[in-house]
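Engineer: Take this structure first; my questions come after.
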Amino acid sequence: TQLIILPAGADSVSTVNWVSAWRGGSVTIPCFYGDRYKTHVKYWCRGREWSSCTPIVHSDSPQEGNVSVRDDPDQRVFTLTINNLTAGDSGYYSCGLKVNGRSESGTWVELSVTDGVSTVKAVSLQGGGSVTIPCFYEDRYKTHVKYWCREYSRSTQ
1 TQLIILPAGA DSVSTVNWVS AWRGGSVTIP CFYGDRYKTH VKYWCRGREW
51 SSCTPIVHSD SPQEGNVSVR DDPDQRVFTL TINNLTAGDS GYYSCGLKVN
101 GRSESGTWVE LSVTDGVSTV KAVSLQGGGS VTIPCFYEDR YKTHVKYWCR
151 EYSRSTQ
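Note that the UniProt record's numbering has the sequence shown beginning at 1, numbered continuously upward.
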């Protein structure tokens, strides 16, 4: 989970860096924008090139198949929801804004669709400290034995 705070009147667009969701489930990804973009068209598309990608959905056409969007101008957030996720939904997605019909500002997020179990992608800490690494799993794995494995690597010695 990541907290993003935009100052009032900020003119940028931001989102989280990375999202993980389970195959068969759904995911909702936020795209935050500044006050001046409240009335502008917002869009989501596949890939990292927000300025030249073809939108899957946009605020004036909010649904396409299992993908939908919702704009909340009061909170200055535009959310993408994908239902019935498959491995093919993994990859990069961009959110952007159009001003006078042209892409003006945007950013991207990476979505990873996993099969029932997931954890964080990376953990940073200082030597001598302790760390807690969460392992998330679906209800159907509630009664299963869980375990961690450590990969041996000469470069970490």
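Just so it is clear, CB atoms sit at the ideal spot from N, CA and C, and this is done for glycine as well.
Note that the structure is a prediction, hence the values are computed from the model and not measured.
Three or more beta-carbon pairs under 8 Å between the region 20 to 28 and the region 92 to 101, yes or no?
Structural biologist: Short answer: they don't touch.
Engineer: Can you give the Cα-Cα distance for K42 and P30, rounded to whole angstroms?
Structural biologist: Locating residue 42 in the sequence shown gives position 42, counting from the first residue. Locating residue 30 in the sequence shown gives position 30, counting from the first residue. Those two C-alpha atoms are separated by around 12 Å.
Engineer: Out of D60, Y37, T114 and P62, point me to the one whose CA is closest to S14's CA.
Structural biologist: In the sequence shown, residue 14 corresponds to position 14, counting from 1. Nearest C-alpha to S14: Y37.
Engineer: By Cβ distance, which residues of its chain are closer than 8 Å to G47, with the 5 residues on each side in sequence left out?
Structural biologist: The residue given as residue 47 occupies position 47 in the sequence shown. Same-chain partners within the cutoff: C53, G91, Y92, Y93, S94 and W108.
Engineer: Assuming contact is defined by CB atoms lying nearer than 8 Å, are residue 161 and T79 in contact in what I supplied?
Structural biologist: This structure cannot speak to residue 161, because the chain is shown only from 1 to 157.
Engineer: Taking all protein chains shown into account, do 16 or more other C-beta atoms lie within 10 angstroms of the C-beta of W44, making it buried, or fewer, making it exposed?
Structural biologist: The residue given as residue 44 occupies position 44 in the sequence shown. Answer is buried; the Cβ neighbour count reaches 16.
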